[in-house]
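Asker:
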DNA sequence: ACTCAGCTTTACGTTAACGTAAAGCTTAAG
DNA sequence: CTTAAGCTTTACGTTAACGTAAAGCTGAGT
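Protein chains in written order, with our numbering: chain A, 3 to 134; chain B, 3 to 134.
The structure is reproduced here in structure tokens:
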């Protein structure tokens, strides 16, 4: 028997280094639907995975609303052609955004390289000056 | 003589598809310091470049405050060793963030691939059903 | 002289994503 | 029994990044 892992809200918040308030907020926004035992929330593996996805999405600049629509689409029984087409359209759009970000990151990296190189040059210059 | 390109605020806003309000706001936050001719703002190439950088930073989830500190550092005469060290530390930190984002993007791309594949499978399934 | 487009400042409004405080339940430890 | 830790709900506060009027200046065209 594989015992399924369970988490309290405090455990989850420590795991992901966020506040319990945030987790409750995500639930309020219907991004999480934890089980209840008495008054307390109980999170299972799937909730943990969801939370991970939420945070990843946030790091990429997605709003909670956007993340929710993706979740909803993912959860939906995609049984009609129009729904599937919609889903494909959205994933394509997200893909475009991600590609744009990839581009942006590459550009920024190059600029960081440049800044770094200049800094190091200046540092060695200063060193030389001190040694004379 | 290379005539330097000039832009009004309206031209810039159309160029980058943002509102003039945003551009003025960036100035208010000291991210831009356009020249003035009478009451009107005039933007040169360097301002345009700055704006491009601002928007790129935003797409990567940087706050205007963060972007400003980067600009400030870039503009500063980095003439003391401590300043240079600070700059290097910051660029390293930004680099870490960007690497994290790269990772996130790759993960998300893979999941998008998965979702897409499933959608297309379902679509062909529906097609088959219709053709019988 | 008048209008109109485009610019200006000033100022209040708005939204997202929480922070923070207050007040109360609940369960294990002393 | 009573702390204490950890959970709960309710509710008001906060910050960033603008949106959206309102009211006025200004140069080109008719």
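No residue lacks a Cβ here, since even glycine has one placed at the ideal position from N, Cα and C.
(1) Counting only runs of 4+ residues fully inside the region 55 to 123 of chain A, write out the alpha helix (DSSP H) ranges in chain order.
(2) Can you tell me whether DSSP reads residue 129/A as helix, strand or coil?
(3) Name the chain B residues whose beta carbon is nearer than 8 Å to that of residue 96/A?
(4) Assuming residue 25/A is part of the alpha helix (DSSP H), what are its boundary residues?
(5) Of all the options 125/B, 44/B, 8/B, which has the alpha carbon lying nearest to the alpha carbon of residue 90/A?
(6) From what residue to what residue does the beta strand (DSSP E) around residue 42/A run?
(7) Sort out for me which residues DSSP pairs residue 154/A with in a bridge.
(8) Cutting at 7 Å between CB atoms, please list the residues of its own chain near residue 56/A, excluding the five before and the five after it.
(9) My understanding is that residue 52/A touches residue 114/B, with C-beta atoms under 8 Å, so please give their C-beta distance in whole angstroms.
(10) With residue 13/B as the anchor, note down where its alpha helix (DSSP H) starts and where it stops.
(11) Counting contacts by CB-CB distance shorter than 7 Å, is residue 107/A in contact with chain B?
(12) Given residue 37/B, which residues of its chain have a CB within under 6 Å of its CB, disregarding the five upstream and five downstream residues?
(13) Which same chain residues end up closer than 6 Å to residue 22/A when comparing Cβ atoms and leaving out the 5 residues on each side of it in sequence?
(14) By Cβ distance, which residues of its chain are closer than 7 Å to residue 75/A, with the 5 residues on each side in sequence left out?
(15) Among 48/B, 82/B, 65/B, which residue has its Cα nearest to the Cα of residue 7/B?
Answerer: Per the coordinate set shown:
(1) 66 to 77
(2) Counting from one through the first chain, the residue named residue 129/A turns up at place 127. Three-state DSSP puts residue 129/A in a helix.
(3) The sequence position of residue 96/A within the first chain is 94, counting from 1. Under the 8 Å cutoff, chain B gives 110, 114.
(4) Here residue 25/A is taken as the residue at index 23 of the first chain, counted from 1. First-last of the alpha helix (DSSP H) with residue 25/A: 22 to 30.
(5) Numbered from 1 along the first chain, position 88 holds the residue referred to as residue 90/A. Of the candidates 125/B, 44/B, 8/B, the one whose C-alpha sits nearest the C-alpha of residue 90/A is 125/B.
(6) Along the first chain, read from residue 1 onward, the residue named residue 42/A stands at position 40. Element bounds for residue 42/A: 42 to 44.
(7) Here chain A has residues from 3 to 134 only, and residue 154/A is not among them.
(8) Here the question's residue 56/A lines up with position 54 in the first chain. Taken in chain order, the residues that qualify are 28, 33, 69.
(9) Within the first chain, numbered from 1, the residue matching residue 52/A stands at position 50. Within the second chain, numbered from 1, the residue matching residue 114/B stands at position 112. No, residue 52/A and residue 114/B are not in contact; Cβ-Cβ is about 17 Å, not under 8 Å.
(10) Translated into the one-based positions of the second chain, residue 13/B becomes position 11. Taken as a continuous stretch (DSSP letters only), the alpha helix (DSSP H) holding residue 13/B covers 11 to 18.
(11) To locate residue 107/A, count along the first chain from 1; it is residue 105. Chain B contact via Cβ: present.
(12) Mapped onto the second chain, residue 37/B falls at position 35. The answer, listed in chain order, is 44.
(13) What you label residue 22/A is simply residue 20 of the first chain in a count that begins at 1. For residue 22/A, where only same-chain residues beyond five positions count, the Cβ hits under 6 Å are 11, 15.
(14) As a position in the first chain, residue 75/A is number 73, starting the count at 1. Here the set comprises 89, 92.
(15) Residue numbering aside, residue 7/B sits at position 5 when the second chain is read from its first letter. Cα-wise, what sits closest to residue 7/B is 48/B.
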